[in-house]
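Numbering follows this note's numbering, with no gaps: position 95 of the sequence shown is 305. Virtual Cβ for every residue (Gly too), placed ideally from N, Cα, C. Please read these numbers as outputs of a predicted model, since none were measured by experiment.
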Amino acid sequence: TPIGTPQATIVRTALPDGSLEVQVTSTTTDISDGYRHIQTAFYRIPASLAETTAASLDAGDVASALYLTRVEEQMVPPDGQGAVHPPSGGDSQPQPQYQQ
């Protein structure tokens, strides 16, 4: 994968109540300094939409932002030693928290 091109990994977990947890981890390597930006978005899909959402994910779509529960971000240096969390001001926006 070329530098600067995001790579995404999707992990789905079916829960006993029929709902679906979706974790999407995207990694982008900065061209200028080699740092990797890792963003993980967590979704909780209600049971009534779990099957439809799973099919959409299989087709390459993303989960609806309506079901986004949190986002975690970190910066990893080129040598892979430790993580640097992004600054709390500037470009970072607080993420909405949804309750089921």
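Only counting the same chain, and skipping five residues up and downstream in sequence, which positions put a Cβ closer than 8 angstroms to that of residue i?
{"i": "residue 281", "result": "249, 250, 251, 252, 305"}
Under the rule that 16 or more other beta-carbon atoms within 10 Å means buried, what is residue i, buried or exposed?
{"i": "residue 234", "result": "buried"}
{"i": "residue 275", "result": "exposed"}
{"i": "residue 273", "result": "buried"}
{"i": "residue 263", "result": "buried"}
Return the chain-ordered list of same chain residues with a C-beta closer than 6 angstroms to the C-beta of residue i, the five sequence neighbours on each side being excluded.
{"i": "residue 223", "result": "231"}
Specify, as a first and last residue, the run of the beta strand (DSSP E) that residue i falls within.
{"i": "residue 224", "result": "217–224"}
{"i": "residue 278", "result": "278–286"}
{"i": "residue 236", "result": "230–239"}
Which stretch, first to last residue, makes up the alpha helix (DSSP H) that contains residue i?
{"i": "residue 259", "result": "257–268"}
Below 7 angstroms CB to CB, which residues in the same chain sit around residue i once its five sequence neighbours on both sides are set aside?
{"i": "residue 229", "result": "254, 255, 256, 257, 260"}
{"i": "residue 225", "result": "231"}
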